[in-house]
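Position one of the sequence shown corresponds to residue 1 (my numbering), numbered consecutively onward. Have a look at the structure below before the remarks.
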Amino acid sequence: MLPTIILGLLCAALGVLGFDISCNSNLAVYWGQNSGASGSLPYQKPLGAYCDDSNVDIILLSFLYILKGTGGYPVLNFANICDYTTNSSVPVFPGTQLMHCPDMGRDIKYCQSKGKVVLLSIGGATAQLNSDAATFSQQVWDLFMEGSSPYRPFDDAIIDGVDLDFEQSSQMNIIQFANNMNQLFKSGTRKYYLTAAPQCPFPDANLGNLLAQAHVDMAFIQFYNSGWCDNSKYGLPRWPQASIS
Ligand SMILES: *[C@@H]1O[C@H](CO)[C@@H](O)[C@H](O)[C@H]1NC(C)=O
Numbered sequence: 001m002l003p004t005i006i007l008g009l010l011c012a013a014l015g016v017l018g019f020d021i022s023c024n025s026n027l028a029v030y031w032g033q034n035s036g037a038s039g040s041l042p043y044q045k046p047l048g049a050y051c052d053d054s055n056v057d058i059i060l061l062s063f064l065y066i067l068k069g070t071g072g073y074p075v076l077n078f079a080n081i082c083d084y085t086t087n088s089s090v091p092v093f094p095g096t097q098l099m100h101c102p103d104m105g106r107d108i109k110y111c112q113s114k115g116k117v118v119l120l121s122i123g124g125a126t127a128q129l130n131s132d133a134a135t136f137s138q139q140v141w142d143l144f145m146e147g148s149s150p151y152r153p154f155d156d157a158i159i160d161g162v163d164l165d166f167e168q169s170s171q172m173n174i175i176q177f178a179n180n181m182n183q184l185f186k187s188g189t190r191k192y193y194l195t196a197a198p199q200c201p202f203p204d205a206n207l208g209n210l211l212a213q214a215h216v217d218m219a220f221i222q223f224y225n226s227g228w229c230d231n232s233k234y235g236l237p238r239w240p241q242a243s244i245s
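If you want it as structure tokens, here you go:
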């Protein structure tokens, strides 16, 4: 245990350096669903605003919530920042429901320049999780990473990995998806991460098999919405109270 403790202290002391996977002091933040808004205001700020905060190490773009929408392409939603269903000025690529969010592309690069890791979270509370693992893994690589496609939601910005926040059952073979992604990651020129966001009951109903059978780099456990194992059982507020300005 001692080496771990020393590493933890060293990482905390060097916390200003940004993300380091060998540290236990990384702060991961889900951004994109305007969750901090009370009523309708204040709205979440653009992504880049949160990357000026040196406490933040990992930002999870939330969410890619439909795996296979119109035209066989996935569908994104980022609430007040990029959502074609509520803002008719937001463009979608022809024959799809896939949005073009160029401001987010610029912000992703800005965040990366500040040492943050930017991941795309797939799933969420209202997701539609059915696709074919082979098709979907290739799409994620082509649309958001080092593959190529005429349909690039974030233009030439390259995300640092994907997060699986499956909160419903899926007919997609998630283990095959993870294996494919890890294989594609090896073919790239950067370091990529595959992460998962299980709820706290163990094993997680939708991600248990993934965590047991595939390689996952990090897990962001949901200690806020699962009854007997959430924060409220430890004398803490059920919902995280921290805010980032
Ligand atoms: C709607 O989207 C456009 C294009 O991204 C953006 O410039 C505008 O600020 C958005 N409007 C609102 C009300 O969010």
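All residues carry an ideal CB built from backbone N, CA and C; glycine is no exception.
I'd like the list of long-range same chain contacts for L201, defined as Cβ closer than 7 Å, with 5 residues on each side in sequence excluded. Locating residue 201 in the sequence shown gives position 201, where the first residue counts as 1. Checking the displayed sequence, the identity of residue 201 turns out to be Pro instead of Leu. The residues S226 and C229, in chain order, have a CB closer than 7 Å to that of P201 in the same chain once the five nearest residues on each side in sequence are set aside.
Given a cut-off of 8 Å, decide if M99 and P153 are closer than it, judged by their beta-carbon atoms. Here residue 153 refers to the residue found at position 153 of the sequence shown. Here residue 99 refers to the residue found at position 99 of the sequence shown. Between P153 and M99, the CB-CB gap stays under 8 Å.
Cα-Cα separation, S232 to F93: Working through the sequence shown from its first residue, we reach residue 232 at position 232. Working through the sequence shown from its first residue, we reach residue 93 at position 93. If I take the Cα positions, the gap works out to 44 Å.
Decide if P3 is buried, meaning its Cβ has at least 16 other Cβ atoms within 10 Å, or exposed. Numbered from its first residue, the sequence shown carries residue 3 at position 3. Residue placement at P3 is poorly supported in this model, since its pLDDT is 49, which falls under 50; the coordinates still yield a value, given next. It counts as exposed.
With DSSP as the reference, label L120 as helix, strand or coil. As a first step, residue 120 is located in the sequence shown; it is residue number 120 there, counting from the start. Residue state, collapsed to three classes: strand.
Quick one: what's D165 bridged to in DSSP? The residue labelled residue 165 in the question sits at position 165 within the sequence shown. G123.
Considering only residues of the same chain and omitting the five flanking positions on each side of I221, which have a CB-CB separation below 7 Å? Here residue 221 refers to the residue found at position 221 of the sequence shown. Within the same chain, I221 has close Cβ partners P198 and C200.
Is there at least one non-hydrogen atom of ligand 1 closer than 7 Å to the beta-carbon of N77? Numbered from 1 along the sequence shown, position 77 holds the residue referred to as residue 77. The answer is no for N77.
Mapping the DSSP letters down to three states, classify W31 as helix, strand or coil. Looking up residue 31 in the sequence shown gives position 31. Strand, per DSSP.
Check whether the Cβ atoms of A67 and M172 lie closer than 8 Å to each other. The residue labelled residue 67 in the question sits at position 67 within the sequence shown. The residue labelled residue 172 in the question sits at position 172 within the sequence shown. Note that residue 67 is Leu in the sequence shown here, rather than Ala. Cβ atoms of L67 and M172: closer than 8 Å.
Run of the beta strand (DSSP E) containing A196, from where it starts to where it stops: Mapped onto the sequence shown, residue 196 falls at position 196. Where A196 is concerned, the enclosing beta strand (DSSP E) starts and stops at Y193 to A196.
Following a CB-centred definition, is N80 positioned closer than 7 Å to any heavy atom of ligand 1? Your numbering for residue 80 matches position 80 in the sequence shown. Indeed, a heavy atom of ligand 1 lies less than 7 Å from the Cβ.
What's the C-alpha gap between V140 and I158? As a first step, residue 140 must be located in the sequence shown, where it is residue number 140. As a first step, residue 158 must be located in the sequence shown, where it is residue number 158. Computed Cα separation, rounded: 11 Å.
Give the C-beta separation of F19 and K116 to the nearest angstrom, bearing in mind that I take them to be a contact with Cβ-Cβ under 8 Å. Indexing the sequence shown from 1 puts residue 19 at position 19. Indexing the sequence shown from 1 puts residue 116 at position 116. Sure, about 6 Å apart at Cβ, within 8 Å.
Once the 5 residues before and after G147 are set aside, which same chain residues still bring their CB inside 8 Å of it? Position 147 of the sequence shown, counting from 1, holds the residue named residue 147. Around G147, the same chain offers Q138, W141 and L184 as residues with beta carbons nearer than 8 Å, after the five sequence neighbours per side are excluded.
Measuring alpha carbon to alpha carbon, tell me which of C11, N34 and A205 ends up nearest N55. Your numbering for residue 55 matches position 55 in the sequence shown. Cα-wise, what sits closest to N55 is C11.
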